[in-house]
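Those letters in the sequence shown? Residues -18 to 254, per the working numbering, in order.
C-beta atoms are modelled at their ideal positions from N, C-alpha and C, and glycine is treated no differently.
Just so we're clear, the structure is a prediction, and the values are computed from it rather than from any experiment.
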Amino acid sequence: MARPVRLTRRVTFSSGHRYWRSDLTPEQNRALFGEWASPFNHGHNFGLEVTTIGTVNPRDGMVINIKTIDDILQREVVGVFDQRSINDEISAFRDMSPTTENLAAYLAELLSKCLPKESQLDELKLEETATLSAKWRANQVTLTRSYEFAAAHRLNSPELTAEQNVEIFGKCNNAAGHGHNYVLEVEVSGPIDMKSGMMVDLGQLDSIVNEQVVDRYDHKNFNCDLPEFSDKNPTSEVVCLEIFERLAKSLPVKLVSIRLWETARNMFEVRAE
Ligand SMILES: [Zn+2]
Ligand SMILES: [Zn+2]
């Protein structure tokens, strides 16, 4: 059996949508959608990444001509969604809230049906904003929200001697510490509520992540200000594990993974097993 190869194609489209159901009263809409409730549209430049999987055809050295995938994406997605109002012009969303998670699930189901058998859908990622995206993979939809905080640390292990710390951590062992603008990605999953179209109340997710992590760590020194690291070496691995445990305990939805970007070139991830 030949080893499969994955192909990813990225397209963008601009669409309007709103969180407002015509079968509900204004009061019911406000109770359901909170601060996002509005009878008027707002819009996004959506980014869609479609990954397909297949084996190379020895005749032409390709899994599939990327143009074939692009033609399908233009015909089924870009041509249908671009410059349209999703609630009004895409029939499936007349009765279904066009949340990021519902859109990702809808597009995955649509593309699963129309991609050719030699290049099946493997993964789909829909970015609604720079801080919100949904991913479909193996029939599961997850939602990823990202946050930022700035914090300082000194890499210094209490298990090692001063000389060993200098030898292992070098500049990062500097007694006065150094800092990073950390980017935290929180990926969650759960059943999508039929009425709101949401797997989690984003306002609630934000307030828990802000309380447990962002507000707690922003403009702090991990070594000096935070009791959870007082006897630990606050490497990004250790910080990432601590954030995972904090959020797994406090979120009202299943935590799938935590990704912590220390710099644009270093990312640490802890996944639920
Ligand atoms: Zn929106
Ligand atoms: Zn550092």
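Which residue's Cα is closest to the Cα of residue i: the options?
i: N46; options: T6, E16, P97; result: P97
i: E104; options: L186, L29, E209; result: L29
i: V194; options: L232, K213, D174; result: L232
i: K201; options: A133, A156, S217, I173; result: A133
Buried or exposed, going by whether 16 or more other CB atoms sit within 10 Å of the CB of residue i?
i: S3; result: exposed
i: R135; result: buried
i: M175; result: exposed
i: K94; result: exposed
i: A229; result: exposed
i: S114; result: buried
i: T244; result: exposed
i: H(-2); result: buried
i: F225; result: buried
i: M179; result: buried
Might you give, ordered along the chain, the residues of its own chain that have their beta carbon closer than 6 Å to the beta carbon of residue i, omitting 5 neighbours on each side?
i: L62; result: The sequence as given places Phe at residue 62; Leu does not occur at that position. F(-6), S(-4).
i: R75; result: none
i: T125; result: S114, E166, E168
i: F249; result: S217, E218, C221, L241
With H, G and I counted as helix, E and B as strand and the rest as coil, what does DSSP make of residue i?
i: K152; result: helix
i: A86; result: helix
i: K230; result: helix
i: T244; result: strand
i: N38; result: strand
i: E250; result: strand
Which partner residues does residue i have in the DSSP bridge list?
i: V61; result: Answer by DSSP bridge pairing: none, since V61 is not bridged.
i: K235; result: S170
i: K116; result: K106, T123
i: S72; result: According to DSSP, which records beta bridges pairwise, S72 is partnered with nothing at all.
i: H161; result: A132
i: T32; result: T(-11), E104
i: K213; result: Paired residue(s): none; K213 is not in a bridge.
i: K201; result: A132
Leaving aside the five residues before and after residue i along the sequence, list all residues of the same chain whose C-beta is less than 8 Å from its C-beta, in chain order.
i: E129; result: N162, Y163, V164, L165, V195
i: E57; result: L91, L92, C95
Can you name, in chain order, every residue of its own chain whose Cβ lies under 7 Å from the Cβ of residue i, other than the five neighbours on each side?
i: N154; result: R135, L136, N137, N146, V147
i: S177; result: L13, F14, S78
i: G160; result: A131, A132, A133
i: V(-8); result: L29, L54, V58, V59
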